[in-house]
Structure formats: structure tokens, C-alpha cells
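Visitor: Sharing a structure below in C-alpha cells format, with a few things to ask.
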Amino acid sequence: WTEESWRGLDEKSNERAYVACSFHVANPGNWVFTPLIPRESANIIYINVLYNTRSCDQYHDPKSCKETFNLFVKQYDRKVNDVDRDTFNRTIATWTPVSVLTKDTTAVISETTQSVTLNPSTKYVRFGFEENGVCVSLLTIT
1230 WTEESWRGLD EKSNERAYVA CSFHVANPGN WVFTPLIPRE SANIIYINVL YNTRSCDQYH
1290 DPKSCKETFN LFVKQYDRKV NDVDRDTFNR TIATWTPVSV LTKDTTAVIS ETTQSVTLNP
1350 STKYVRFGFE ENGVCVSLLT IT
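Using the working numbering, read the sequence shown as starting at 1230 and increasing by one per residue.
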């Protein structure tokens, strides 16, 4: 994932985006994570994602090309450090799939809101986005 900027929806502000495009690599697997989000008193957490994906037909002879990417969540009962590759690889089975996100075929920019019911012991949550050969830009996450 690469951090880039894009002209915001208001067409005035420069916004931060995270971009991945690994169609030239066979079997890519790239992840990017949100910071820890405190639960506070919530029983359900909503995540709104504004994103853009490119169609596979735009590429000649891609090694891997998908038009979807995955959203995962991990619930924590205590504050933890940032996710590093070694820790993540050891704990990947504990991440829960939330949704497979696909391009809205009628719009340039797609938007989705997903909800996650929180376990009673959860104090923090973190979301992870998995890219497996899609060209995707995560534009806004709220």
C-alpha cells in the first residue's frame, strides 16, 4: 500500500488515500490497517468506506486481477501495539471477515457502510483491508 493524495469530493481539499495495485504480481496479499478504535459504550461499530477500483479489462496480460477486496475486523480486550507483519502472520486466523467490497458499476467512486456487533469484552477494534490483485484506492474511512 502506498500513501497518496487526492482532490477531495469538495474539489478543493487534498485528502490522504491508501492505494494498492498489484495486478502485475502473481498471488499478491497486501494489508493496511486502521489505528485502534476505542469501543467506549458502543455495542455496534459502523465503518464507512469511500473507495475506487479499476476494472481488470484495463490491463493487458495481468498476473493477477480481481475487482474485489476484503474488509476484516479484530476485537481486542486491551490496548495493543500497532500491527506488524510477524504478529499479523501469527494471528491472521483471529481476524474476522466483515465483507468483500466490490466496485459500484454505476459510479466512479464506490461507498459502503458496514456494521460489526462488538463482543461484551471488547475494548478496542481495528479494521484491516486485504488486497489480492485489485487496483484499489481507499479514499475515506470514517
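In this text, a Cβ means the ideal position worked out from N, Cα and C, and glycines have one as well.
Just so it is clear, the structure is predicted and the values come from calculations on it, not from any experiment.
#1: Quick one: what does DSSP say ALA1246 is sitting in, helix, strand or coil?
#2: Considering only C-alpha positions, which residue in the set PHE1252, THR1323, VAL1329 is nearest to TYR1280?
#3: For the alpha helix (DSSP H) containing ASN1256, name the first residue and the last one.
#4: Answer with buried or exposed for LYS1241, where buried requires no fewer than 16 other C-beta atoms within 10 angstroms of its C-beta.
#5: In the DSSP assignment, the beta strand (DSSP E) including THR1342 goes from what residue to what residue?
#6: Just to confirm the assignment: which complete beta strand (DSSP E) runs, minimum length 3, are found wholly within the region 1265 to 1348?
#7: Between which residues of its own chain and ARG1245 is the CB-CB distance below 7 Å, once the five residues before and five after are set aside?
#8: Relative to the C-alpha of ARG1307, which residue among PRO1349, CYS1250, LEU1300, ILE1338 is closest?
#9: Quick check: the Cα distance between GLY1237 and ASN1243, rounded to an integer number of angstroms?
Guide: Taking the definition as stated:
#1: strand
#2: VAL1329
#3: Where ASN1256 is concerned, there is no enclosing alpha helix (DSSP H), given that its DSSP letter is neither H nor E.
#4: exposed
#5: 1339 to 1346
#6: 1273 to 1282, 1297 to 1305, 1325 to 1331, 1339 to 1346
#7: GLU1232, SER1234
#8: PRO1349
#9: 6 Å
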